[in-house]
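What follows is a set of notes on a single structure, which appears directly below.
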DNA sequence: AATATTCCCGTTTTT
DNA sequence: CGGGAATATT
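Residue numbers (the numbering used here): 18 to 734.
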């Protein structure tokens, strides 16, 4: 087992060699975390325990797969459990369904399903979706579940009318879920956390089953996940948490950075290992990123260092507008690629997806291959969801969401009127829609009674499929339902649905081979929880475009991060006075920067068009936090000859902080002072007295003015 | 029931 | 400006 401890630096070795008791691995970017985690798991399996006693939990399937593969390659006996939090909970809830109080065949509802049910719940509560936005209610409920607040508790705590109303919808939402035998993603975690806190015997049994627990990306855990981890390791405290508070970027999704920050308080005798040596980036990249993140107060300090080369200075570039930015960034990276840089090791990151459009156009114009990393897709395609809906009803006939999807797909003459009638019959009863169809008389069902009968017979025929292996069941469904025929008809060259169905079929076959014992329920669960089928293809010779969030965990030789502007990089919603969480935004910028191995370019524009409106923008204050000498600052605006740049500034550049007395600069009139500023409902006017004697006024948005810091006027930098 | 039109809304999104 | 969804049209 000595080889597991080879080729490690000192803290890495310490972490790998640690066996019993709590361990916190604070892993800076590029510090070899995965290597340490996998080695440690292998080491445990070889020394103090057996592989099947180890549980490794990740957040994404991708991470789980990678970890599993790397552990396998270390020559560990098979049997280790490596899975996502959600998959773990789904499995455990399924096994212990009677103790939890959920049906054994519960369906996992995804975001789409959830939205539909929420709309239903809003309607059931006699509210209009105009006044009560489904998305707002959805996030309120999701929030509650992240904090393990049940509908009843929510209602109890509700202090105003709005909250009481949301409580009503939440209650109704839960009622619908229960009736349908469904759990949403948040439920998987919440139910598990709740059952563990009530059932100490179960905790002990599970701790017996999994003696060593390892959690990756611990900074991203929410309250439920935190509790699950805690309860799974109650007796022996064999919890190893790895992560980096500086890379916590999912606070808005319920992740609680305190979980990792307070780890030592939760586990007082915890061993803490800091992985600070970086093997990825140049010294310049690292010091710039470090300087930026030092601006945060909520952190566990690390001093990142590297033996890598100094590297090129970080470039900060100013462009006139988004189109120019896109065009010139693409031209710049095209040049790099021409010089021999591999396109697949080049990436462009942005804060919001909308910035990808102009980039895409630029890539197309330049004729350069690119790929946009957007997850989901495959299992979200209509044809895939159609088939899966059939399977869902087969497995769980109470699943009305799925049933309503397929009742007229392919079209079989069952229209809205009929469907509404069915819904009415089912409402307020414990009957599912399918039961209504099966039990109501022909008179009740109305004109479409015959067609409903035919449909009911179809479902009757499909019902026994639930005990068949997935591929076989899938094939039968495709044939019997008429879906295959339906999709065989339209052969769009673009994306052939029929081909996707075949792909799904082969995925089922592969699954079946991998897990010969698996049932349709397992396969369905798999499809609900594993959706990264066609995420980013690596190895393709294309430049990668993605959001900063999506970039976490990846690395590229050459990185561009665009849109370093006030309101966009520390993102601020227009209607929000407070910028949401500047520290999290700074971490996001940090994550983006630390993806770069060799070259890093940050850009901002003077005018940014968003939602069809062009607005004057102010460069991100984050740029001012970068170390002055490590950065190649913009010298002059490329298309504005006589515009002087401010290389660094301490004062905020926020347009909303313009007030009387502000010093400004105009390309023609030169230096001036704001004499008057009037905020109208739509436009803000400025009146400026210039040093050269002229006095002018503009609408601020269109004024070619730039704010100047007081101490820069004398400073001829 | 399929298609055209208008309307609305706008950050990130591991499962 | 542009996508998705609700609504109107044939």
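Ideal Cβ placement from N, Cα and C applies to all residues, glycine included.
Of all the options the options, which has the alpha carbon lying nearest to the alpha carbon of residue i?
i	options	result
residue 411	30, 156, 498, 192	498
residue 343	652, 632, 620	620
residue 430	464, 405, 167	464
residue 569	273, 390, 384	390
residue 153	186, 514, 168	186
residue 541	515, 282, 119, 485	485
residue 365	532, 560, 504, 643	560
residue 102	302, 444, 547	547
residue 212	314, 689, 119, 193	119
residue 61	77, 91, 79	91
residue 338	641, 46, 633	633
residue 362	612, 76, 234	612
residue 515	264, 395, 249, 302	395
Using a Cβ-Cβ cut-off of 6 Å (strictly less than) and excluding sequence neighbours within five positions of residue i, which residues of its own chain qualify?
i	result
residue 56	21, 33
residue 271	163, 239
residue 72	98, 227, 230
residue 207	162, 165, 241
residue 439	450, 453
residue 737	Residue 737 lies beyond the range of the chain shown here (18 to 734); nothing can be said about it.
residue 168	187, 188, 191
Cutting at 7 Å between CB atoms, please list the residues of its own chain near residue i, excluding the five before and the five after it.
i	result
residue 586	368, 580, 602, 606, 637, 639
residue 49	29, 292, 296
residue 111	121
residue 70	227, 228, 229
residue 732	In this prediction, residue 732 scores a pLDDT of 37, lower than 50, which makes its location untrustworthy; the coordinate-derived value is nonetheless stated afterwards. Same-chain partners within the cutoff: there are none.
residue 294	26, 48, 322, 323
residue 19	none
residue 669	Because residue 669 carries a pLDDT of 30, less than 50, the predicted location of this residue cannot be relied on, and no value is offered for it.
residue 81	75, 99, 100, 101
Are residue i and residue j close, meaning C-beta to C-beta below 8 Å?
i	j	result
residue 170	residue 623	no
residue 469	residue 462	yes
residue 257	residue 482	no
residue 650	residue 333	yes
residue 43	residue 319	yes
residue 209	residue 350	no
residue 105	residue 125	no
residue 127	residue 545	yes
residue 37	residue 54	no
residue 740	residue 236	The structure shown does not extend to residue 740, since the chain is modelled only from 18 to 734, so the question has no answer here.
residue 488	residue 526	yes
residue 610	residue 575	no
residue 558	residue 360	yes
residue 371	residue 677	no
residue 116	residue 216	yes
residue 31	residue 290	yes
residue 599	residue 266	no
residue 288	residue 35	yes
residue 329	residue 616	yes
I'd like the span of the beta strand (DSSP E) that includes residue i, first residue to last.
i	result
residue 73	71-75
residue 252	No beta strand (DSSP E) contains residue 252, which DSSP labels as neither H nor E.
residue 230	229-232
residue 626	613-627
residue 630	630-633
How far does the alpha helix (DSSP H) with residue i in it reach, from first residue to last?
i	result
residue 363	Unbroken run through residue 363 is the beta strand (DSSP E), 363-367; no alpha helix (DSSP H).
residue 354	339-355
residue 68	Where residue 68 is concerned, there is no enclosing alpha helix (DSSP H), given that its DSSP letter is neither H nor E.
residue 173	168-174
Report the CB separation of residue i from residue j in whole angstroms; it is logged as a contact under 8 Å.
i	j	result
residue 241	residue 190	About 18 Å separates the two Cβ atoms, so there is no contact after all.
residue 305	residue 647	5 Å
residue 96	residue 68	5 Å
residue 635	residue 582	6 Å
residue 348	residue 383	7 Å
residue 643	residue 308	6 Å
Please work out which residues of its chain come closer than 8 Å, Cβ to Cβ, to residue i, disregarding the five sequence neighbours upstream and downstream, and give them in chain order.
i	result
residue 377	387, 389, 562
residue 182	142, 144, 149
residue 89	95
residue 522	488, 491, 492, 495
residue 83	51
residue 403	422, 423, 426, 500
residue 123	110, 111, 114, 198, 199, 200, 413
residue 725	663, 680, 681, 682, 688
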